[in-house]
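The structure under discussion appears below in the form of structure tokens.
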Amino acid sequence: MSLLVYVENTDGKFKKSAFEVVSYAKAIAALTNNTVTALSIGHVAAEELTKLQKYGAEKIISADSNQLSNFINRAYAHIIADVAKQQGAQVIILSNSFSGKGLAPRVATKLDAALADGAISLPEIQGDNWTLTKSAFSAKAFAKLSLQAPIKVISLNPNAFEVQENEVSAQLETYESQIPAADLGVLIKEVVRATDKVSLPEAEIVVSAGRGLKGPENWGMIEELADVLGAATACSKPVSDADWRPHSEHVGQTGIVVSPNLYIAIGISGAIQHLAGVSSSKTIVVINKDPEAPFFKVADYGIVGDAFEIVPQLITALKAYKG
Ligand code: FAD
Numbered sequence: 157m158s159l160l161v162y163v164e165n166t167d168g169k170f171k172k173s174a175f176e177v178v179s180y181a182k183a184i185a186a187l188t189n190n191t192v193t194a195l196s197i198g199h200v201a202a203e204e205l206t207k208l209q210k211y212g213a214e215k216i217i218s219a220d221s222n223q224l225s226n227f228i229n230r231a232y233a234h235i236i237a238d239v240a241k242q243q244g245a246q247v248i249i250l251s252n253s254f255s256g257k258g259l260a261p262r263v264a265t266k267l268d269a270a271l272a273d274g275a276i277s278l279p280e281i282q283g284d285n286w287t288l289t290k291s292a293f294s295a296k297a298f299a300k301l302s303l304q305a306p307i308k309v310i311s312l313n314p315n316a317f318e319v320q321e322n323e324v325s326a327q328l329e330t331y332e333s334q335i336p337a338a339d340l341g342v343l344i345k346e347v348v349r350a351t352d353k354v355s356l357p358e359a360e361i362v363v364s365a366g367r368g369l370k371g372p373e374n375w376g377m378i379e380e381l382a383d384v385l386g387a388a389t390a391c392s393k394p395v396s397d398a399d400w401r402p403h404s405e406h407v408g409q410t411g412i413v414v415s416p417n418l419y420i421a422i423g424i425s426g427a428i429q430h431l432a433g434v435s436s437s438k439t440i441v442v443i444n445k446d447p448e449a450p451f452f453k454v455a456d457y458g459i460v461g462d463a464f465e466i467v468p469q470l471i472t473a474l475k476a477y478k479g
């Protein structure tokens, strides 16, 4: 029995989540005495594919054709389920990314499997019964899921499991089977990228700003701070509602849930609906001129003061530190 991991790439380069899911699978393989097979879909060069062995993938299967260069949910789900059957995989692991959220239930249905979506823990294993923790209600609660079916699909939240090196030597294979025409029924004519920056749900550092910034013209310093830190930018809901920033940056209960190592909140009050999207961040830094702002209650570090004075000083200090 092997564990099958679907690894995502962008333009032929693996995302950080790819190394996370392989590391996570390797940790489960160690508990269950199994091997890890990684499946890559779309064009990824052999040199990039072999990077997966550093994290413990013993077999790497590449499904590479022009038809698969863009994400097509049905086609990708077909391949993952097909490879799982070919390999006799009983555990299929993918990232709970934008595409993973669509793929996981489809793959689980095709394999008649139990599904844990958005897992944040390793499983506790008692025979066929696996118990996993996931975050629920916009990360306000934790749910314990019991997976009892023989085949299990697990989607892992980005940043929930640290990448761990575990070098093995891998065997490379190609996926040759035909994909049913019905699963290729979507024709993608053009892909327009909203941003080339790191994707918000996967970012390790997020610089986020709210209505305290007064207007869109003041976001230059937020972007500069994010650039210096190699961070993604985010915002509160009223900011994206007012079109100061794109909706893809809106964090919170009704937006994106993030779990970075560092979340810097600038001029955001810390309403419960915003906190719902950031509470699983590992370290929270708040910059707000109001010492009573609710965000300070959940902050690891707080700076009381005017963002227009503090942020430029922070940028200067970080640039000096970086040399
Ligand atoms: P404000 O509440 O206006 O706060 C601005 C903050 O900036 C204040 O704390 C102020 O002290 C500070 N400030 C002002 N000037 C400066 C300065 N110069 N320097 C430093 N600090 C300064 N909100 C979300 O963000 N995400 C969601 O997903 C979300 N979903 C919602 C769902 C529902 C059903 C509802 C009812 C609301 C939702 N909201 C959500 C809105 C939420 O309740 C708050 O209204 C919103 O988060 C407030 O945004 P803000 O903190 O940017 O603005």
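Numbering (this note's numbering), first residue to last: 157 to 479.
Glycine is no exception: its CB is placed at the ideal position from the N, C-alpha and C atoms.
Use the C-beta contact count for residue i: other C-beta atoms within 10 angstroms, 16 or more gives buried, fewer gives exposed.
i	result
LEU474	exposed
PHE293	exposed
LYS478	exposed
GLU373	exposed
LYS290	buried
VAL348	exposed
ASP167	exposed
TYR457	exposed
ASP238	buried
GLY244	exposed
LEU328	exposed
Give a single yes or no on whether residue i has its beta carbon closer than 6 Å to a heavy atom of the ligand FAD.
i	result
ASN226	no
LYS445	yes
PRO394	yes
THR410	yes
ASP462	yes
ALA398	no
HIS430	yes
GLY366	yes
ALA125	Look at the range of the chain in this structure, 157 to 479, and you will see that residue 125 is not part of it.
ILE495	Residue 495 cannot be examined here, being either before or after the span of the chain that is shown, 157 to 479.
Nearest to residue i by CA position, among the options, is which residue?
i	options	result
ALA326	GLY458, VAL354, GLU203, ALA455	GLU203
PHE124	ILE440, LEU343, HIS199, GLN409	Residue 124 is absent from the model: the chain starts at 157 and stops at 479.
SER158	PRO394, GLN242, ASN165, LEU369	GLN242
Quick check on the DSSP output: the beta strand (DSSP E) that includes residue i runs from which residue to which?
i	result
TYR457	457-460
TYR419	418-422
Check for me: the alpha helix (DSSP H) holding residue i runs from which residue to which?
i	result
GLN242	229-243
LEU187	172-188
LYS266	254-267
SER396	393-397
>> Under 8 Å: do the region 257-268 and the region 179-194 share three or more Cβ pairs, one atom per stretch?
In response: no
> Three or more C-beta pairs closer than 8 Å, one from the region 385-393 and one from the region 448-456: is that the case here?
Replying inline: no
> So does the region 209-220 actually touch the region 274-287, counting three or more Cβ pairs closer than 8 Å?
Replying inline: no
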